[in-house]
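Numbering (UniProt numbering), first residue to last: 1 to 410.
Idealized CB from N, CA, C, for every residue including glycine.
Scroll down for the structure; my scribbles are underneath it.
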């Protein structure tokens, strides 16, 4: 039984994802494909266009065999933390042989060279990084400069490197490779060159379109274009009306209320939000609750828009540093939650329960209180994320969906 793992948001599941799945089955020879999928919120800190249960249906009906949930603190984290947790989860399944990821460059050897350079952090790298940070660069940009400087000294083209390091899927691929080394995993990486659609593409022009372009078309109610770049099985589950989408702007009043109730010391205890960024958010919210105005005011050379959006989400979910430090001692993942499984993949699910190094959750209501304190705390954040998501969708009857929704079988 050969099992390949994929890390994805499926926001939504489109033809590009189907292309990768087909590659895993036919070219790699995978008997089963596991998807580690983000829940209700994406890596940029934004609500997904459909809830995690609907997106699980999309994935399973399109051919993914097993969908596992990437917990919300990591699903909405930087590329490094996102990748570390996702790879840790796949490693802890005990039955994943291969990790497949898309990249713009499609060159595994080159990505491994970059990953190795990042992990070693030579004196030249460290010195360049420190200097860039002192100049006010954001950490991702400063690290990119340090990496280009270090690899240029080894004979690589700076123009080629810059192009590689500005492509989001290349960046994630590099972090997956670093995580595999960090966890000393036997999982074998393989990369598939992204075809046709650019990550930042905003208009559907081909059968394989970016998720960004699909979301823009959905807001414009352009269902014809959307249906041309999604498998019919996935398009069937897609919310068709813009009014059905979560209303991100509603976060403004929630955030202001949270800040009004909080002492500054409590705010500074939020995980992975620098003190000066939190201070800036606090001061800006005293003047307006308009989310776009606040984002524009707080976003800077040091803190990107995505960083600020993630900070908003961590603040609302009250994700504490002390809890995350405790989780770090468990390699981030204290349990594996199954969102759904194809009936033909039940042998894989059985193997997962036998081989996994952490508890497997298929029914949250039955196991929550039997888990470790760290696992219970992580699940608490997940439940809060579900409640927040359905608040933004104006669906209060779904607030406890984590307890009432059984794992999905198709």
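| Query | Result |
| --- | --- |
| Outcome for residue 298 when other beta-carbon atoms lying within 10 angstroms are tallied against a minimum of 16 | buried |
| Simplified DSSP state of residue 32, which is helix, strand or coil | strand |
| Rounded separation between residue 228 and residue 43 - CA only | 26 Å |
| Contact the region 343–354 vs the region 65–74: 3+ CB pairs below 8 Å | yes |
| CA-to-CA distance, residue 74 to residue 371, given in whole angstroms | 19 Å |
| Nearest residue (CA-CA) to residue 3, options 171, 38 and 97 | 97 |
| Local Cβ density within 10 Å of residue 144, reported as buried at 16 or more and exposed below that | buried |
| Terminal residues of the beta strand (DSSP E) in which residue 340 lies | 336–341 |
| Backbone secondary structure at residue 37 - three-state DSSP | strand |
| Simplified DSSP state of residue 238, which is helix, strand or coil | coil |
| Where residue 126 falls, given that 16 or more other Cβ within 10 Å makes a residue buried | exposed |
| Residues of its chain near residue 56, where Cβ-Cβ distance is below 6 Å and the 5 sequence neighbours each way are ignored | 67, 339, 340 and 408 |
| Residues that DSSP places opposite residue 26 in a beta bridge | Its beta-bridge partners do not exist; DSSP assigns none. |
| Strand pairing of residue 99, partner residues [DSSP] | 5 and 189 |
| Of the listed residues 247, 304 and 257, nearest to residue 273 (C-alpha basis) | 304 |
| Inter-residue spacing [alpha-carbon to alpha-carbon] between residue 36 and residue 7 | 5 Å |
| Status (buried if at least 16 other CB within 10 Å, exposed otherwise) for residue 382 | buried |
| Residues sharing a beta bridge with residue 69, DSSP | 37 |
| 8 Å CB neighbourhood of residue 295 in its chain, flanking five on each side removed | 305, 308 and 309 |
| Within 8 Å, strictly: CB atoms of residue 124 and residue 148 | no |
| Residue burial classification, residue 287 (beta-carbon count within 10 angstroms, cutoff 16) | exposed |
| Endpoints, alpha helix (DSSP H) assigned at residue 370 | Note, residue 370: premise wrong, no alpha helix (DSSP H); not H, not E. |
| Exposure label - residue 325; buried when at least 16 CB within 10 Å | exposed |
| Selection from 188, 167, 361 and 316 that minimises the alpha carbon distance to residue 266 | 316 |
| For residue 356 and residue 333, believed in contact at Cβ under 8 Å, the rounded distance | Rounded, the Cβ-Cβ distance is 10 Å, inconsistent with contact. |
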